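>
Numbering (full-length UniProt numbering), first residue to last: 1 to 1231.
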């Protein structure tokens, strides 16, 4: 990110914002001038009243005429305040939108330019991103309306101070004596607020790290029984976060209460001194009222500063948190990886790239002392295919990453056609190098858009369609394409694709890009043998005469004339032509020089087994119902949220909170604090009446004022206690509430099957649980407080006013419905704009998360500019939504002031009229005026709370939807913890299953009446084409998905009758892509184990590591088992696979399902793993059953049986050689 030009909450501001800040400050200052002007007019009104009572006017009409002029002036000032405040607040809100735009844009651009190594080793990257986004929102809030209101308050205070000094400097100085104490309180408690807010943000980042693991690796969490452990750890971290928030709430509540007390003491001091000046004849009533009114408003403004400063301190804490998140210097986009790319390089466009040389190349990852590569020298030529082979962890993938420009070498040099990599611009790599990894990233976009990444082809052009079809033919995707209802216009979800399908998409993408240098890093590892042979032939034809480097562990890919480089422990062991390396590669199986393309299995016909009855997903009633609902929804670019009503959210809070008593007690305290306000107003009115009467004729001594002053002090102290109590109790109770909601939401998500994560992204859930719940907490506290105060105090004020003087009260009552009507209209509009704004925020943040996860693909295909444009377009839509919200929000804040002033002016005029008509006494008029002004003001106060209230409605709506999810039987059903010894161990009986796609509103049938059984002690292989349903069988066997029809049995019982944790402790899974969280190797291995099971696993840990062939490379690590996992760049794919096997062995399961266990291993380790699966494990435990999902012929040959899957059902079942001899589907598959 760019280096901040400013600091603190202005860190993301730009010089372009200075004119807006200036205009906003001028407008908001002009609106602030209205307050002192109104105090001047207010003083003149009472001065005219005193003159009338002493005979200064010839008639009542003359007095009323002057009064009407003054009231008109007051209304004009209110109108001007409305205009300037609206424009001023709107401008400040737009400044806030500019700030968040700059922040999001600079963060995104910074991430686009981060090197791959940093992205791979950055701790808790996704969690930090989510916290960063929350910090941006709090900085935006601080720099917009809160800072604008702060400027308005400061300007108002300065004007009031000047007017008060002009009117009566001595009274003003008496009243201002407590300002230093107010400043001290704000400083002390402000620092505490900032400290604890930063603590809360950092703890939330740790909680987000746990959530990201739970949501991104949901299958691993479930099969390893880690749900409970994760929930416990998450609870521990969010509990600590709640403690930090409670401390912050204490500081804010204490500061608010202290400032409120001091403002009341300021007023009573001014009243007592003003009475003394009037009674001694030193000053007239008008000047005293003007000075007193100015100082009352002065005290009120000082008191309101407390809330504003608290929010500004939280914004400053967010700025401090951003520094601790270590995303680099904000706004300073780092240079490309290759710094010397200036005029030295002639490689800025596509070039032939005939030769590539590595000279004494060395590499080590940052913050480590281990050399991954040491003194590696190689030469690759375009005249032949170049193969880079070696055992897992030998460094071959690191070489591939260096060649693709993703990593920076530690020593040595890389030359392309004699030009050093140091002299190449990043754009050269985009134009000339194509890197296809084991798991290419698939974006949540149309299939056509995924294939055309990095090209400038228009997917709608006729010629492009032909190219897309040719690319699909090249990558053996035509069969997959034929099954898609929307063909190229289907939105892809990687969670719904098999590993082979994803790899084929990556290969088709590379074919379309057609760059001079192609690096394939295990790019065919998940594709079945038959398709792989055909694709390799096409690659050879396509890359003839072009520079191609293939990283592989499968030696059957080699032909005689291929160049081979063998790596061992980061060094070159040997090199040469494949035909000359039989001694180095004793298991080398030479392939024929030429081979015709094999026909796709999608075209195969004929089976040995009878085809089962046809099953189609459209015959499933549940699927039909979901499909109808999906079709009714219609496609949208940004998901819209229909917000719940405020009262519905309050009822939801009442039902789900465990702190009803604390909330009720806090509301009672708030009510008492609210009652204290009209009580204080009544006391002030009595003192004002005494001052007015003494100004006309001395009727009472100073004792009466002193008595009322002591009463006011007592009420103020009580008000301090209840104000602190109400704020603290509500914040504490509601923090406990959202704490419970966070835990319940995670628990409820844990109760869903893996289909849930197909429609709910991890970033979306992270933001909802940890960021948006804060808004929900503020909604309930602010709404309950505002509603209670408005309803109760409005009613109390009206009853009191009517009891004192009903005529004047009815005039004031007429304004209450108007205020409520305006408030409700404003609430509706604000809810609409606020919800739309939050939806756009969620869309932009989700996009950022997706791009970070796909950074290799982004860098490889030169998508940075394209994605930056897309991100900018999303930010522009967000900015437009923010500006609409700014206009409505600024108008609402300004309108609340107009409502109060209009009511005050009208009631003041009519009250004076009644006094001069002798229908009311002065005391009655002042009391009713004070009550009604307060009543209408309290109703208008709710309008100021509406932005904070509506912000949480969306969160409340989405949280209730999450908690409304049912407990799915596949995750929660069953209580049986005992299995009878019966054959078979595992059986599928007419199982049917279809994946749903909410984005395209389609369903894809995968299993159709699948039936098979596995006996105890068997070692069975499930084989089939990519996408045939092999991995789905494994997932359903582990209860990760629920079948649509049919039954799955374990020892003769439906697996849904067993307790899920017990069942998964007996049936384990070694997945194709093992997942690990950011913790030590030891913690990862023991993950999900507790109590005696953990102790037992610890005892056999060394044995399991040796069995998985993982002990040697762990011993070579500097920290051994304490080495931190989660940074995938530090470990080879094969090493991670071996750790995954060891993790499963520790659990001593009865059935182990291996999903492509050898796809990432070299030939030696592949042979070893096969021996472990089919021999060693069964010797150790003859009752152990192993089920292997594989397309590797060497693995299939060792199985006791092979189940051949075709078109969603078992087409053939038998021994490997038996099935080959039959010449049926399996034999065709193996050709």
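The C-beta atom is built at its ideal place from N, Cα and C for all residues, glycine as well. None of these values were measured; they are calculated from a predicted model.
#1: Which word fits residue 1147, buried or exposed, when buried means at least 16 other C-beta atoms lie within 10 angstroms of its C-beta?
#2: Can you list, in chain order, the residues of its chain whose CB lies under 8 Å from that of residue 743, leaving out five sequence neighbours each side?
#3: Using three-state DSSP, classify residue 1217 as helix, strand or coil.
#4: Is it right to say residue 576 is buried, meaning 16 or more other beta carbons lie within 10 angstroms of its own, or is it exposed?
#5: Contact defined as beta carbons within less than 8 Å: I believe residue 1233 pairs with residue 1052. What is the distance between those atoms, to the nearest angstrom?
#6: Suppose contacts are defined by Cβ-Cβ distances below 7 Å. Is residue 415 in contact with residue 570 by that definition?
#7: Determine the closest residue to residue 73 out of 468, 875 and 906, with distance taken between C-alpha atoms.
#8: Under 7 Å, do residue 1213 and residue 1203 count as touching if we go by C-beta distance?
#9: By alpha-carbon positions, which one of 771, 654 and 158 ends up nearest to residue 207?
#10: Compare the Cα-Cα distances from residue 685 to each of 704, 1114 and 669 and report the closest residue.
#11: For residue 1006 versus residue 1029, is the C-beta spacing smaller than 7 Å?
#12: For residue 84, which residues from the same chain have a beta carbon less than 6 Å from its beta carbon, with the 5 sequence-adjacent residues on both sides left out?
#13: Keeping to the same chain, check which residues put their C-beta closer than 8 Å to that of residue 917; ignore five residues upstream and five downstream.
#14: Going by CA-CA distance only, name the one from 51, 1116 and 97 that's closest to residue 887.
#15: Whole-angstrom Cβ separation of residue 850 and residue 443, contact assumed at under 8 Å?
#16: Should residue 187 go down as buried or exposed, given a rule of 16 or more other Cβ atoms within 10 Å for buried?
#17: Specify the secondary structure class of residue 644 as computed by DSSP and reduced to three states.
#18: Pull up the distance between the alpha-carbon of residue 601 and that of residue 439, whole angstroms please.
#19: Who are the near neighbours of residue 128 in its chain, counting only those whose CB is closer than 6 Å to its CB and skipping five residues on each side?
#20: Since residue 1275 is in the alpha helix (DSSP H), which residue starts that stretch and which ends it?
#21: Using a Cβ-Cβ cut-off of 6 Å (strictly less than) and excluding sequence neighbours within five positions of residue 1150, which residues of its own chain qualify?
#22: Between the beta-carbon of residue 1021 and the beta-carbon of residue 1188, is there less than 7 Å?
#23: Which one or two residues does DSSP pair with residue 386 in a beta bridge?
#24: With residue 45 as the anchor, note down where its alpha helix (DSSP H) starts and where it stops.
#25: Mind checking who residue 1209 pairs with in its DSSP beta bridge?
#26: Any idea what DSSP makes of residue 12, helix, strand or coil?
#27: Can you tell me whether residue 764 is helix, strand or coil according to DSSP?
#28: Report buried or exposed for residue 12, applying the criterion of at least 16 other Cβ atoms within 10 angstroms of its Cβ.
#29: Considering Cα atoms alone, identify which of 1061, 1010, 904 and 402 is closest to residue 1048.
#30: Inspect the beta-carbon positions of residue 71 and residue 837 and report whether they are closer than 7 Å.
#31: What residue range does the alpha helix (DSSP H) around residue 1032 cover?
#32: Please go through the stretch 185-260 and give each complete beta strand (DSSP E) segment of 3 or more residues, from N-terminal end onward.
#33: To the nearest angstrom, how far is the alpha carbon of residue 113 from that of residue 1195?
#34: So, do the stretch 449-456 and the stretch 402-418 have three or more beta carbon pairs nearer to each other than 8 Å?
#35: Please list the terminal residues of the continuous beta strand (DSSP E) segment that includes residue 1049.
#36: Between 318, 753, 898 and 858, which has its C-alpha nearest residue 119's C-alpha?
Let's see:
#1: buried
#2: 231, 234, 235 and 238
#3: helix
#4: Around the beta carbon of residue 576, a 10 Å sphere encloses fewer than 16 other beta carbons of the protein chains shown; the residue is thus reported as exposed.
#5: Residue 1233 is absent from the structure shown; the chain starts at 1 and stops at 1231.
#6: no
#7: For the residues 468, 875 and 906, the minimum Cα distance to residue 73 belongs to 906.
#8: Yes. Within cutoff.
#9: Checked all of 771, 654 and 158; the closest Cα to residue 207 is 771.
#10: 704
#11: yes
#12: 27, 30 and 31
#13: 60
#14: Closest by alpha carbon: 97.
#15: Yes, residue 850 and residue 443 are in contact; Cβ-Cβ is about 7 Å, under 8 Å.
#16: exposed
#17: In the structure shown, residue 644 falls within a coil segment according to DSSP collapsed to helix, strand and coil.
#18: Because residue 601 sits at a pLDDT of 38, beneath the cut-off of 50, its placement in the model cannot be relied upon, and the following sentence gives the value as read from the coordinates. One C-alpha to the other measures close to 23 Å.
#19: 205 and 325
#20: With the chain covering 1 to 1231 only, the question about residue 1275 has no answer from this structure.
#21: 1066
#22: The answer is yes: Cβ separation under 7 Å.
#23: 549 and 563
#24: 17-53
#25: Listed as beta-bridge partners of residue 1209 by DSSP are 1206.
#26: In the structure shown, residue 12 sits in coil (DSSP, three-state: anything other than H, G, I, E or B).
#27: DSSP places residue 764 in helix when its eight states are reduced to three.
#28: Looking at its Cβ environment, which holds 16 or more other Cβ atoms inside 10 Å, residue 12 is buried.
#29: 1010
#30: no
#31: 1030-1037
#32: none
#33: Taking the CA atoms as reference points, residue 113 sits about 43 Å from residue 1195.
#34: no
#35: Segment 1045-1050, the beta strand (DSSP E) holding residue 1049.
#36: Between residue 119 and the set 318, 753, 898 and 858, the nearest pair of CA atoms involves 858.
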